[in-house]
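Structure, as structure tokens:
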Amino acid sequence: MNDEDREYGEYPSEILGIISQRIPKEFFNVFTHIWNNKDEGISWKELVEAIGDRITVDKAVLFYEISGFVNCESSSMDRRKKIYKADLIRGLQLAELIRDSKIRR
Numbered sequence: 204m205n206d207e208d209r210e211y212g213e214y215p216s217e218i219l220g221i222i223s224q225r226i227p228k229e230f231f232n233v234f235t236h237i238w239n240n241k242d243e244g245i246s247w248k249e250l251v252e253a254i255g256d257r258i259t260v261d262k263a264v265l266f267y268e269i270s271g272f273v274n275c276e277s278s279s280m281d282r283r284k285k286i287y288k289a290d291l292i293r294g295l296q297l298a299e300l301i302r303d304s305k306i307r308r
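Position one of the sequence shown corresponds to residue 204 (the working numbering), numbered consecutively onward.
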């Protein structure tokens, strides 16, 4: 794990619980696709094709970027070329919370 992958520190468990309770259910599917492609990343276009709803993808990636669960790699302003990768610290925290608490999508 290099410094780029460790952009954010861990959330305290209380804060993580509060944040996770506020994530709309339809966003979990977006995070699942990003998490399952955490090594190579997934493009916005691939996310839209997988999810089928551009607006949900836009809202979810914005939420996940702001909260630090997902990082975006891009050298282009064209959102279709942006690559989303799960943050290896906070993304892992959210993935484990989803798995352990059985949050339903």
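Note that CB positions come from ideal geometry on N, CA and C, so glycine has one too.
Beta-carbon proximity list for residue i, same chain, < 8 angstroms, skipping 5 on both sides
i           : result
residue 230 : 259, 262, 263, 266, 267
Beta strand (DSSP E) segment containing residue i, residue limits
i           : result
residue 286 : 286 to 289
Per DSSP, the bridge partner or partners of residue i
i           : result
residue 246 : 286
residue 299 : For residue 299, which the question treats as bridged, DSSP gives no partner whatsoever.
residue 360 : Given that the chain is displayed from residue 204 to residue 308, the structure contains no residue 360 and the question cannot be resolved.
Proximity to residue i [Cα-Cα], best of the options
i           : options            : result
residue 290 : 300, 301, 274, 303 : 274
residue 236 : 277, 213, 272, 292 : 272
residue 283 : 276, 248, 244, 233 : 248
residue 246 : 303, 288, 304      : 288
Beta-carbon proximity list for residue i, same chain, < 7 angstroms, skipping 5 on both sides
i           : result
residue 204 : Only weak support exists for where residue 204 lies, its pLDDT of 42 falling under 50; the coordinates are left without a value.
residue 212 : 292
residue 244 : 276, 286, 287, 288
Contacting residues, own chain, Cβ-Cβ under 6 angstroms from residue i (five flanking each side not counted)
i           : result
residue 251 : 257, 260
Where the alpha helix (DSSP H) containing residue i begins and where it ends
i           : result
residue 310 : Outside the shown range of the chain, which is 204 to 308, sits residue 310, and nothing can be said about it.
residue 217 : 216 to 224
> For the segment 253 to 261 against the segment 292 to 301, are there 3 or more C-beta pairs whose distance is under 8 angstroms?
Replying inline: no
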